[in-house]
Amino acid sequence: MRNIQAVRPLFELSKPGRRAAQLPACDVPQQPLEDLLPAEALAAAPPALPELSEPDVVRHFTNLSTLNMSVDTHFYPLGSCTMKYNPKRNERLVSLPGLADLHPYQPVDTLQGMLELLWRLQEMLAEIGGLHAVSLQPAAGAHGELTCLLMARAYYRQLGQARSRVLAPDSAHGTNPASATVAGFDYVTVKSTPRGFVDLEDLRLKLDDRVAVFMITNPNTLGMFDRQIGQIAELVHAAGGLVYLDGANMNAILGISRPGDFGADMMHYNPHKTFSGPHGGGGPGAGPIAVRQNLEPFLPVPVVERAGDGYRLTYDRPHSIGRVRAFFGNVGVLVRAYCYIRSYGPDGLRRVSENAVLNANYLLSRLKHRFPVPQGDRCMHEFVASAAKLKAERDISAMDLAKRLLDYGFHAPTVYFPPIVREALMIEPTETESKETLDAFADALLAITEEPSELVHGAPHTTVISRPDEVQAARQPVVKQ
Amino acid sequence: MRNIQAVRPLFELSKPGRRAAQLPACDVPQQPLEDLLPAEALAAAPPALPELSEPDVVRHFTNLSTLNMSVDTHFYPLGSCTMKYNPKRNERLVSLPGLADLHPYQPVDTLQGMLELLWRLQEMLAEIGGLHAVSLQPAAGAHGELTCLLMARAYYRQLGQARSRVLAPDSAHGTNPASATVAGFDYVTVKSTPRGFVDLEDLRLKLDDRVAVFMITNPNTLGMFDRQIGQIAELVHAAGGLVYLDGANMNAILGISRPGDFGADMMHYNPHKTFSGPHGGGGPGAGPIAVRQNLEPFLPVPVVERAGDGYRLTYDRPHSIGRVRAFFGNVGVLVRAYCYIRSYGPDGLRRVSENAVLNANYLLSRLKHRFPVPQGDRCMHEFVASAAKLKAERDISAMDLAKRLLDYGFHAPTVYFPPIVREALMIEPTETESKETLDAFADALLAITEEPSELVHGAPHTTVISRPDEVQAARQPVVKQ
Amino acid sequence: MPYLPNTADDESAMLAAIGVKSIDELFAMIPGDLRLTRPLSLPPALTEIDLTNHLGGLAARNVAAGQRACFLGGGSYDHFIPAAVDAIASRGEYYTSYTPYQPEASQGNLQAFFEYQTLITRLTGMDVSNASLYDGGSAAAEAVFMCIAATGRRGRVVAAASVHPEYRQILETHLCNLGIELLTVGTPDGVLSPDDLASAVNDQTACVLLQQPNFFGCVEQAERLGAIAHQAGAKFVVSVDPISLGLLKRPGDYGADVVVAEGQSLGNPMAFGGPYLGIIACREELVRRMPGRITGQTTDRNGRRCWVLTLQTREQHIRREKATSNICTNQGLYALRATIYLSLMGPQGMREVAELCLRKSRYALGKLSAGRRLSPAFSHPTFKEFVVRDRDGAVEALLREAGRAGFFAGIALGRWYPELADCFLVTVTEKRTRDEIDALAAALA
Amino acid sequence: MPYLPNTADDESAMLAAIGVKSIDELFAMIPGDLRLTRPLSLPPALTEIDLTNHLGGLAARNVAAGQRACFLGGGSYDHFIPAAVDAIASRGEYYTSYTPYQPEASQGNLQAFFEYQTLITRLTGMDVSNASLYDGGSAAAEAVFMCIAATGRRGRVVAAASVHPEYRQILETHLCNLGIELLTVGTPDGVLSPDDLASAVNDQTACVLLQQPNFFGCVEQAERLGAIAHQAGAKFVVSVDPISLGLLKRPGDYGADVVVAEGQSLGNPMAFGGPYLGIIACREELVRRMPGRITGQTTDRNGRRCWVLTLQTREQHIRREKATSNICTNQGLYALRATIYLSLMGPQGMREVAELCLRKSRYALGKLSAGRRLSPAFSHPTFKEFVVRDRDGAVEALLREAGRAGFFAGIALGRWYPELADCFLVTVTEKRTRDEIDALAAALA
Ligand SMILES: Cc1ncc(COP(=O)(O)O)c(C=O)c1O
Ligand SMILES: Cc1ncc(COP(=O)(O)O)c(C=O)c1O
């Protein structure tokens, strides 16, 4: 069906004199503006915004929405993003006035329910991670990485050690090196083995007293659990370093294995992945962190503390790195995470990971004969298959497959990441998808391998646009109207 | 974009053992069921409903929704249905717990806000209709018709007159004759003139002491205001009858002309048309009625009355026809109507009708050269154009046009109604559409007249299905799975 | 003007195109003496902020069911509504569309209605369901009309006094208008006695109307009563609580000819009485007398399975005065909500909800009658509601007290049943907790 | 298990297809000694009904802004959110989609972000906006990083004490870690004095950070201060209240190099501090240092206009340790909400909201200072917030009393400004009525 009305950009729909919002009449005495504000501070005219009617605004954004694929409408196996179902009950509950309509500077005695919720979440995240203390402040995973690295700097400053380096495997997510830089560290890459595990030799070589933190994603970006992790942690600790666990892939090991138990000293969670916070077309997320006891003093402020039978926010923490975000972080996402964890309970969370891993392995078993998986026959919550063979045989690339899948009504996997796999298809089905959906997806992928190359090269055929020119976009950027 | 996942009928998605809703553990003592209920009353097994997961249910209904055209997504000029914009603020407010979460049998002192709202709405509807008293009980327009006809029966019974007939013009909406029958009247059709007005001669002929009610829709189904209405009312009244005004077309005359002032004794409103109640894919609506003083005693119970500075429901009305609906009618729709009327105020409501009429006349002026409008160059809120010429010249029928419009991203007008116009296109744009939209629609209709007939006969081409076989559906009805 | 896109420029451009000087000219066809010469006397326009404050103020002067533990029922129930129901039903594609006159542009609604019809037939054990009526009360009336037409008997309709009193009032309104007798058979001990029914039905009786479980919450001997109706050649109409069908026998399995129900319990808010959902389902042989819309499956010109409105020759827009009913707009959105609700609940969910209602209400009955003051009014087994008698005979006062103590404790029955002036009806849904029940018992002791 | 579709049958079928006996086998790659051998110690699972009651209970132990007249501000504001914003943003296609990596499947988000960027540049008068950052505070930090990189000056960053104290704390966290001095210039009489600034900037100063209107609600002499920054070769970063731009001069018109803002005011709930919306916009020459995602217009292979993520060579997933920032997930949904909000408000709406805030707050300032106890702390013109001094120096007690009287009356400033221990900040948005203001004045008298 064609939803084409009012979809042109807002400014092309605008007409002078049109209005949607009306404001109440002013109920206080009205002096001339000039008497209230200095002339030089005043704008010459109202801002040059589009003029629209409410019916047009609603139709515009409603119809635009139909141009998105989403979890509510499509299977969305985007590797490393954990696109699981976002429970409707969480959306309803987070918007209760008693939670959504709270000002961050209200007196603490008017916030006891909220603070209890956040305190309980701190406790639950510590338990799930097998670590000691939690901060809910960071606004996203990357922000959690950065916060932990700042804590590491403070930690070593206090120890009087000048450690300037952060190490991470070449398969690390881009935010790891970027966070290291923002935190003022030098970033050094550690090789991984052909099967995608940390190259212990290379790690040993690079571990010295300049190394502050080794960042690892485990299960890693290939969906493999690096069984050397215990040994890795020993090496890093022996060298006086700290182990950072990038928790983006926690969906594979909830209640099964805990970072704190396999040697991590600090970690972040991505509640918008693991704990079903909606991705919102690119956010908001949150990036709560959990750390070992020795790092607790450095946590950012504020933290929620239990005081008698009440709860309070504490700011007075002498060793804290200070503030990393205004107010109290992305609370709305944290409330959803709380709802999610409470909805599953301990056994349920374990079942989540078991089914995430079951679904991924099933899909792998259906695809591997046509799309080799260099890492082997087993995976955790996701796997990286290669279209290299298909590319060689039929000139159908990972990108072609991604585009053609859209015609079949599926969102594409993550492609060309991680770079260590050629023509990579990074597939993460998540546990909320049914076997029927997985089969339909596998059937589609396999069917495409049989389709005429031209047909596939021409894909997508059923979307509103096809293969935009990204080079042109970057060469002569048009970033506004 | 293809939204094809989980769209098969529910039972085809079902799998034994799947579950969405979970219920709390029972917190009271659990005797065996047999001790609680007689064996013969118990079902052998749970009901044979589909077994689904919540993610599948959400995806199923979300994707199904994308197969509907709607006011939020498409221009929807369905004549006689007043498909205007449904304000989002009304949806938000009607779901306030203080309004949505009220039990009909709560003590009246816990309902004062709701009763005040309903009382004020009664007053406002009386004023808009120029009539004396209002009942909010009827659940839809047709139900309002029926209620008024039952009141007419009671009224004449009290007068000791045995009047058994209801008259209405041949252009009347199907609910008029049907309501007459359900109310126990004999229904008699009055001719209309070629221009669609009441044929006074025929009316005079049929008016006698058997006639209880003359039902008229004014503006009529052709979008014309019958200027004879004053005279008609005199004739009916002279014959001792009552005039019923079908208020489905009130959107044309809000604040401009009032049924009570042009002779109507009773009327219904369609708040889901005139006052922006969403149509909900076919309801719910509401059908509040307004009547002249002499008919007030017969109103159904309960009515909201002001008592001192409070409000109460009164049941004790000796002449009332009794109850027509349980509880208190379609309150949610009435609350929206209240919000709508309060949002516009007196001048605003008049502007609503002015713009509804302006939009209709503009569209008429853009189309009449290609689609003759038998009723002439002017209309009220809607008009009926004829595709007869096009049919003759190019074998493109009203139905073909309707189907082809879907390809252009517009919903179709009402077609083949009223029957008195050949190849009728009944077009009602409403006041919430912009000139741009009207122009795009006119351009589309005109463009279609130039398209190859085969292309148009083949339409729609862009919808999920095309020209279903309705004969087969009726011949071997399959009405469930 | 909140929702009017036309600007002053648009207006003049459009007037010019039409060929008139002013909007006023467009109204020329309305005789001057029929025009309103003053502004309507209505309160002035409110902006969204003002309207929000105003409605908030009105809402604040009501006491919502969430603010007091709600033990009210009697045809409108405080069952839980899963969040997914609201999330889906609030999509504009559903609530801002209209009756599927253009099937190609309405397959979403049509398929949902087809699924609704399927679910209702499975739930009730009947052959055919329509796509909804206004509410349970008007559905009962329509069912009776069907039976009158089907039997051609215009003498009498028999209803048990244990049928919802307001439903019987609606029937009274219609039948007395049509000169058909509505014979109400008393139910002094809480259920309809077979003997009383036997002596009430005769060869001019169109149908017998029973409610199961009945208005007092008691389970009727439906099977036997249906047999008696059928012996007299009358149709058997049963009004059910859909939630009870998670546990109780389906009316289709004990001889009902037409089943009606109030569908509010299936995912729809109490909303002070409406909009609700009128459910009606019947046996094959009555389908051509079925009121309202029916969705049917067919194929399109390319052989694709699809859905359309069907059997329309029953309906007013085709048959006019000969239609089976005058209904046009129905309760589409609420049928959708019920469809979503039933999809989420499934067989197990429905079973468990019904069991919770049964167990908790029976626990409550025990608790409440344990004290000195209250005793069960009837001895028959109940489902989720029950009637208790106040030995002090001060029901109104007792309920008022309970209100102050934070409970909507029950519904006084005197307004409908003078003989039960010292009784009230208590309802317990799956939402009520043992603590709430215990507290209520204490408050009423 | 609330959201798990796999049935027991599915599970065995899938295990068979994989070729393992049990799910446990699938975890073989996790060494046994690293496995958790006990269940997590977490509270048991809650059904939707239980969870709803539980969260309802927690919510009830907070006092929502709606329950008291809210005069709190300081970076989070109780502005009105039109219903259409919630209605649209709650569509699954928006909030359950992710970053538009596949433009063909994300044109809805991409176009909305392009529109967002356009609106922000128009509102601020800048050349380029990104597609959002976390919040106003982190946006301020990112802006400072941009300036440090652009100027190559790592000596000093100068901020007015009248900048949001928590934003300055965030800067402090980062700059002290990087060994860069954060020089905070006092604002004893409520605004930054040009002379003080002149003596604070030097040739190693990367940028000057100003807030307009500032944390005290006072309007700064932004133009002069910007000139001083530029004279010293430093960049000029301005943090604005987007609502104020309905009335105040655009930072782009008085020399700002980077503009940041907290976008919460634009249709986003206060939600105890987040999620919020980090707005950042800059001049053309700084675009390659811009953090975060940027949407650009292009054409597809058939020449159709469309939108894609562009200039990605700035970003972490391409440049890794050389990226301009480490941000990945941003605040897409809240950028969408702001886009809808601004579309609904338009130029007139924004102007009127700003005027209402200005007039009502100035009226409130007059009212509050009319009494014996309170007086204006500063003499400079204010926009929608102002600081009053309590002559009795008992701010905490006074605010507590006001709370009991039904007001969130203001924010005590002592925690950030010891010298203002006897002062508090009062905010008045368009939602506050004259009656509420008068009542507040009475309560504080
Ligand atoms: C492995 C990994 N680490 C870190 C991140 C960054 O998390 P966020 O996007 O929440 O900042 C992601 C998210 O894409 C990720 O996949
Ligand atoms: C002219 C006219 N009269 C009566 C009705 C019946 O109103 P309702 O559908 O609300 O029962 C309609 C609705 O379609 C109508 O258009």
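Chains as they are written, first to last, in the numbering used here: chain A, 106 to 586; chain B, 106 to 586; chain C, 13 to 457; chain D, 13 to 457.
Heads up, the beta-carbon is just placed ideally off N, CA and C, and yes, glycines get one too.
Please read these numbers as outputs of a predicted model, since none were measured by experiment.
| Query | Result |
| --- | --- |
| Three CB pairs or more closer than 8 Å across the region 145-159 of chain C and the region 211-228 of chain B | no |
| Contact check, L254(B) vs A285(B), beta carbons under 9 Å | yes |
| Three-pair Cβ contact test at 8 Å for the region 161-178 of chain D versus the region 212-224 of chain D | yes |
| Inter-residue CB distance, F420(C) and T307(C) (contact presumed, cutoff 8 Å) | 38 Å between Cβ atoms; not a contact. |
| Interface flag, T379(B) vs chain D, CB-CB below 9 Å | no |
| Option in G246(B), N466(B) and V561(B) with minimal Cα separation from A507(B) | V561(B) |
| Three-state secondary structure (DSSP) of E58(B) | In the structure displayed, chain B extends from 106 to 586; residue 58(B) sits before or after that span and is not available. |
| Span separating the alpha-carbon of D421(B) from that of R363(C) | 42 Å |
| Residues of the region 186-200 of chain C whose Cβ lies closer than 7 Å to any Cβ of chain B, in chain order | N189 and L190 |
| Chain C contact for R103(D) (CB, 9 Å cutoff) | yes |
| Pairwise C-alpha distance: N191(B) and C484(B) | 24 Å |
| Proximity below 9 Å, CB of T351(C) to CB of P114(B) | no |
| Whether L118(A) touches V569(A) by CB criterion (9 Å) | no |
| Alpha carbon of L348(D) to alpha carbon of Y128(D), nearest angstrom | 7 Å |
| Beta strand (DSSP E) segment containing Q397(D), residue limits | The sequence shown places Glu at residue 397(D), rather than the Gln named in the question. That run of the beta strand (DSSP E) goes E397 to D402. |
| Proximal residues of chain B, C-beta to C-beta of A20(D) below 7 Å | G122 |
| Cβ shell of R384(D) (< 8 Å), same chain only, five flanking positions each side left out | R403 and A457 |
| Collapsed DSSP secondary structure at Y89(C) in the structure displayed | coil |
| Closest residue to R3(C) among P17(C), Y375(C) and E408(C) (Cα-Cα distance) | In the structure as shown, chain C begins at 13 and stops at 457. Residue 3(C) is therefore absent and cannot be evaluated. |
| D150(D) Cβ short of 8 Å to ligand 1 heavy atom set | The question names Asp, yet the displayed sequence has Ser at residue 150(D). Answer for S150(D): no, Cβ out of range of ligand 1. |
| C253(B) Cβ short of 8 Å to ligand 2 heavy atom set | no |
| Cβ-Cβ distance between L452(C) and A414(C) below 9 Å | yes |
| Assigned secondary structure, H613(A) (DSSP; H/G/I helix, E/B strand, else coil) | Any question about residue 613(A) goes unanswered here, given that chain A covers just 106 to 586. |
| Counted within 10 angstroms of its Cβ, other Cβ atoms place A288(B) as buried (16 or more) or exposed | buried |
| C-beta neighbour in chain C for K193(A), strict 9 Å | yes |
| Chain D contact for A454(C) (CB, 9 Å cutoff) | no |
| Which of helix, strand or coil DSSP assigns to M357(C) | helix |
| Proximal chain A residues relative to D59(C), where beta-carbon distance stays under 9 Å | For the sequence presented, residue 59(C) should be read as Thr rather than Asp. Those within 9 Å of T59(C) in chain A are A126, Q127, L128, P129 and A130. |
| Inter-residue spacing [alpha-carbon to alpha-carbon] between L187(D) and A247(A) | 18 Å |
| Contacts that D206(B) makes with chain D (C-beta to C-beta distance below 8 Å) | Correct list: empty, because the minimum Cβ distance to chain D is about 12 Å. |
| Neighbour-count burial assignment, T49(D), 16 or more Cβ in a 10 Å radius | exposed |
| First and last residue of the uninterrupted alpha helix (DSSP H) at Q8(D) | A query on residue 8(D) cannot be resolved here, the shown segment of chain D reaching from 13 to 457 and no further. |
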